[in-house]
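Following: one structure in structure tokens, then a few remarks.
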Amino acid sequence: MTGHRQAVGRRGEEAARAFLKRRGVRILAENFVCAAGEIDLIGRDRDSLVFIEVKARTSDAFGPPHLAVHLRKQRQIVRAAQWYLAEQRMREVACRFDVLAVTFPRDGGTPRVDWVRDAFPSEGEEVW
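Here the sequence shown stands for residues 498 to 625, numbered as in the working numbering.
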């Protein structure tokens, strides 16, 4: 990954964290890494544990950022979420998988954040 893409990704995660906090989501973990993969953000939204993939772009030229969360990536996120739940000894907890698509305008203005709640089921099948 290039330095520019990494910087956009970091800025996207920062924007996503701020966006979620303003909406009452408590962030429990950031960049959770395990043998099964990585999850950008893990949060608590009311009674649900939320596993969040953040996709950041500088334009929509290649389509909306959330479309980059393809079936293979969904399955990897689900496996990592299962790992997290086992590691935290969490059973019988309501979970969902969300995608936050962050698009930065070229003029440096406020980024647009699109929150796709329940973006895919734990079986890892596309729903959009």
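The C-beta atom is built at its ideal place from N, Cα and C for all residues, glycine as well.
{"Item": "Report buried or exposed for W625, applying the criterion of at least 16 other Cβ atoms within 10 angstroms of its Cβ.", "Value": "Note on W625: pLDDT 42, under 50, position unreliable in the model; no value is reported."}
{"Item": "Mind checking E535: buried by the 16 CB within 10 Å criterion, or exposed?", "Value": "exposed"}
{"Item": "Would you report the Cα separation of R593 and E584, rounded to the nearest angstrom?", "Value": "18 Å"}
{"Item": "Taking Cβ to Cβ, would you say V599 is nearer than 8 Å to G500?", "Value": "no"}
{"Item": "Is it the case that the Cβ atoms of F529 and Y581 are separated by a distance below 8 Å?", "Value": "yes"}
{"Item": "In chain order, what residues of the same chain have a beta carbon less than 8 Å from the beta carbon of V522, not counting five sequence neighbours either side?", "Value": "G540, R541, D542 and V547"}
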